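*Asks:*
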Amino acid sequence: MQEEVKSGATAVGKYHSHSIPLDMEDIERDWDKPIADAGIAAKASVIVRVGMLDLGAGTGSFRVREMMHRIAYPLDVHVRADVNLTDIQATCTDGKDRITEVVNLPTTGVNTERIWLLEHFADWFSVNLGTGSMYHRETKVSAGLMQHLDMRDASQVSADMAKRLREERHHARVAERAAVEDYEAALASHGTVSGSGEVNETVIDALVKADGRGDAASEQAEQLDLPRGQRGHRQAPAGERAHTNHEITVRDVHKRLDMIERRKPLYSPALSGLASACACASFVFLLGGASYDMIGAFVGAGLGQWLRRRLFAHHLNQFFVTFVCVAVAAFACVGTLRLIGLFNPLALQHDTAYIGAMLFVIPGFPLITGGLDMAKIDFPSGVQRVMYVLCIILMATLAGWMIASLVHLNPQGFESPNLNPWVNGTLRALFAFIGVWGFSMMFNSPQRMCLVAATIGMITDTLRLELVDYGLAPEAGAFIGAMLAGLLASAWRSAVRHGMLPPHLGYPRICLTVPSIVIMVPGMYMYQAMFHLGQFETLLALDWAFRAFMVIICLPIGLAMARVITDKSWRYDV
């Protein structure tokens, strides 16, 4: 018994290593109790940990609060949380006891797969505690995912679960139709009542056969959410399951959260570097760059992102890593073009290409979520995120300016190649798709999520650029593009929830919208502003800075407007 208690204490302690400690004895005592029957300390440890995982995945404070409330509701706990960039202060009460926990993260990052998995966790948790799902229509998919968190490709697991669910329902419909046909045939050939008033034995046989088919189909459908070791055993009837569903313990819940937290990145540093190279090269084309600019950006961004992933694995300071990786990316880009220049001197004229190689460090997620937090009147979190973004941009642009000064670069912007308008529009769509796909991979999105986000980005960014070509202001183009991305993401999610698309494609809106509009962030404007500031050309620096500022604020405003149109919780202040 002592060993079990010690094991529980160790497990709880590691979940809250960056917190003011809770009363661990209370949690240890409830470690193997059903979560619904546990004390307030154990319940709070789950509620706050879910919020901490969501916050560490890069989402905004409004979504962290929503997730914490979703976990607290079936536990009959009220929670009040202050959420900032890297910390949560939450007070939980069950009407009898009250407990406050403060947790903070050592750093921040982006992990869209975790955001997606936490949605499924919340649905699995709520359904097991007797309340309905909030995020997904097919709860069996969520239950299946929670049973297979040890699988590396969770997206494929959800797709397999959705396919099996569809097949089992098809078999159930076929069995039901066959049963009805048997019953009708029996009625037609023998009649329903004999001369003595008793039901004909042939009809009774048909009914028994029909019931057997229906039970078999129902049994197959119910087994979809069983653990692998329990398949083949029939589940308890619905009335009995209503009681056993409450029996998930504190240990069970933390075990699943532990598996979500400890999931390894979907992509290796090399694959992440390749995604970065493709994204930044595509970004350069959309900014008006030519083939040599794209080649330089491809090499520089790929090497820079690979190095960034390797350094982050050692938990080094983010700002230091940003400075070093941007410097390496810029050097690699310039070196590549100088090497090409030995064979074709034209490559030496592309001084702006190194800016494209630095775009992989654009902090798009905190930039957009910070704007959305402020749209929800959560200024402490929003201002912290914006200041974090400014610090990252400052380190990146400072590194870029220093490299430009060392090798005597003079970036004047990209010279757009003269292409046929139809060819140019087609290439814009292609490279917008590739660019958003690359950024989604850098955010650790599963491939299916990457493709959905890339499709939305292809539509919205191509439209934005075409409108700007026809004379629309870049700021207005950014607003329209961001709002359209938000509307398309909401429409996609609604289509999944209403059964028009397969259930495994129900992704969080934030995981689709941010990658699709991060390619609209005016990175070149920001780097130009820092370059001219370093040259003490103050008026030019201010000009580029205000251009960047106007585009940047239009992006979250566009997304917020889409949420107001499609989401009641955003439409009203309640």
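Convert by adding 52 to the 1-based position in the sequence shown; the result is the number in the numbering used here. Where a beta carbon is used, it is the ideal one built from N, C-alpha and C, also for glycine. Since we're looking at a predicted model, the values are computed, not measured.
Helix, strand or coil for HIS121? Go by DSSP, reduced to three states.
*Replies:* DSSP places HIS121 in helix when its eight states are reduced to three.
*Asks:* Can you tell me the Cβ-Cβ gap for ILE167 and ALA109, rounded? I've got them flagged as a contact below 8 Å.
*Replies:* 5 Å between Cβ atoms; contact.
*Asks:* Helix, strand or coil: which one does DSSP assign to TYR624?
*Replies:* Coil at TYR624, not helix or strand.
*Asks:* Select from GLY575, LEU585, PRO554 the residue whose C-alpha is nearest the C-alpha of VAL193.
*Replies:* Closest option to VAL193, Cα to Cα, is PRO554.
*Asks:* Count the C-beta pairs between the segment 113-121 and the segment 83-97 that are closer than 8 Å, then say yes if the count reaches three, no if not.
*Replies:* Output reads no: the segment 83-97 does not touch the segment 113-121.
*Asks:* For the pair the segment 496-516 and the segment 554-570, tell me if three or more CB-CB distances fall below 8 Å.
*Replies:* They touch, by the three-pair rule.
*Asks:* In the DSSP assignment, the alpha helix (DSSP H) including ASN156 goes from what residue to what residue?
*Replies:* Element bounds for ASN156: not the alpha helix (DSSP H) but the beta strand (DSSP E), 150-156.
*Asks:* Below 8 Å, can you find three or more Cβ-Cβ pairs linking the segment 532-546 to the segment 136-146?
*Replies:* Too few Cβ pairs lie closer than 8 Å, so no.
*Asks:* Do the segment 364-372 and the segment 437-452 meet, that is, are 3 or more Cβ pairs less than 8 Å apart?
*Replies:* Contact holds: three or more Cβ-Cβ distances are below 8 Å.
*Asks:* Please report the residue range of the beta strand (DSSP E) in which ARG204 lies.
*Replies:* Unbroken run through ARG204: none, as it is neither H nor E.
*Asks:* With a threshold of 8 Å, are at least 3 pairs of Cβ atoms found where one atom belongs to the segment 120-134 and the other to the segment 337-344?
*Replies:* Output reads no: the segment 337-344 does not touch the segment 120-134.
*Asks:* Who are the Cβ neighbours of LEU394 in its own chain at under 8 Å, not counting the five residues just before and after it?
*Replies:* Answer for LEU394: no residue qualifies.
*Asks:* How would you write the range of the alpha helix (DSSP H) that VAL488 sits in, first residue to last?
*Replies:* Per DSSP, VAL488 belongs to the alpha helix (DSSP H) from 473-494.
*Asks:* Could you pull out every residue in the same chain whose Cβ sits closer than 7 Å to the Cβ of ALA322, ignoring the five residues on either side in sequence?
*Replies:* Excluding residues within five positions, the ones whose Cβ falls inside 7 Å are TRP358.
*Asks:* Confirm, please, whether the CB-CB distance from ALA329 to GLY356 is below 7 Å.
*Replies:* For GLY356 and ALA329, no; Cβs fall outside 7 Å.
*Asks:* Across which residues does DSSP place THR145 in a beta bridge pair?
*Replies:* Looking at the DSSP assignment, THR145 forms a beta bridge with HIS130, ARG150.
*Asks:* Any idea which residues DSSP pairs ILE140 with across the strands?
*Replies:* DSSP lists VAL135, VAL155 as partners of ILE140.
*Asks:* Quick one: residues in its chain with C-beta nearer than 6 Å to the C-beta of GLY610, no 5 flanking neighbours on either side, listed in chain order?
*Replies:* Excluding residues within five positions, the ones whose Cβ falls inside 6 Å are PHE531, ALA534, MET535.
*Asks:* Give me the residue from THR191, ALA384, LEU170, MET447 with the minimum Cα distance to ASN180.
*Replies:* Measuring from the Cα of ASN180, the nearest candidate turns out to be THR191.
*Asks:* Ignore the nearest five residues each way along the sequence and tell me which others in GLY352's own chain have a CB closer than 6 Å to its CB.
*Replies:* Once the five neighbours on either side are set aside, the close Cβ partners of GLY352 are ALA381, ALA384, CYS385, ALA409.
*Asks:* Using only alpha-carbon positions, find the residue among VAL573, ASN163, PRO397, PRO463 that is nearest to MET501.
*Replies:* Comparing Cα-Cα distances from MET501 to each of VAL573, ASN163, PRO397, PRO463, the minimum goes to ASN163.
*Asks:* Quick one, are the C-beta atoms of PHE350 and ALA327 less than 7 Å apart?
*Replies:* Not closer than 7 Å, so no.
*Asks:* May I ask you to report which of helix, strand or coil DSSP gives THR160?
*Replies:* THR160: coil per DSSP, three-state reduction.
*Asks:* Just how far apart, CA to CA, sit GLY529 and ARG516?
*Replies:* Roughly 5 Å between the two C-alpha positions.
*Asks:* Whose CA, out of ASP78, CYS563, LEU411, TRP622, lies closest to the CA of ASP425?
*Replies:* The option with the nearest alpha carbon to ASP425 is TRP622.
*Asks:* Using alpha carbons as the reference points, say which of LEU594, GLY103, ALA331, VAL438 lies closest to PRO415.
*Replies:* PRO415 has its Cα closest to that of VAL438, out of LEU594, GLY103, ALA331, VAL438.
*Asks:* Are PHE491 and ALA331 close, meaning C-beta to C-beta below 7 Å?
*Replies:* Yes, the Cβ-Cβ distance between PHE491 and ALA331 is below 7 Å.
*Asks:* In the DSSP assignment, what residue or residues form a beta bridge with PRO86?
*Replies:* The partner list for PRO86 (beta bridge, DSSP) reads THR301.
*Asks:* Just checking, does the segment 585-600 make contact with the segment 545-563 on the three C-beta pairs under 8 Å criterion?
*Replies:* In short, these stretches do not touch, since the Cβ pair count stays below three.
*Asks:* Kindly indicate the opening and closing residues of the alpha helix (DSSP H) around ASP403.
*Replies:* No alpha helix (DSSP H) holds ASP403; DSSP gives it neither H nor E.
*Asks:* With a 10 Å radius around its C-beta and 16 neighbouring C-beta atoms as the bar for buried, classify LYS428 as buried or exposed.
*Replies:* LYS428 is buried by the Cβ-count criterion.
*Asks:* Would you call ASN136 buried or exposed, if buried means 16 or more other Cβ atoms sit within 10 Å of its Cβ?
*Replies:* So ASN136 ends up on the buried side.
*Asks:* Going by C-alpha to C-alpha distance, which of MET572, LYS620, PRO574, GLY91 sits closest to VAL302?
*Replies:* VAL302 has its Cα closest to that of GLY91, out of MET572, LYS620, PRO574, GLY91.
*Asks:* According to DSSP, simplified to helix, strand and coil, what is MET572?
*Replies:* It is coil, neither helix nor strand.
*Asks:* Going along the chain, which residues of its own chain have a beta-carbon closer than 6 Å to the beta-carbon of LEU363, five neighbours each way excluded?
*Replies:* If we look at LEU363 and ignore the five residues flanking it on each side, its Cβ neighbours are VAL373.
*Asks:* If distances are taken between C-alpha atoms only, which option among LEU400, VAL435, PHE583, SER178 comes closest to LEU127?
*Replies:* That would be SER178, whose Cα lies nearest to the Cα of LEU127.
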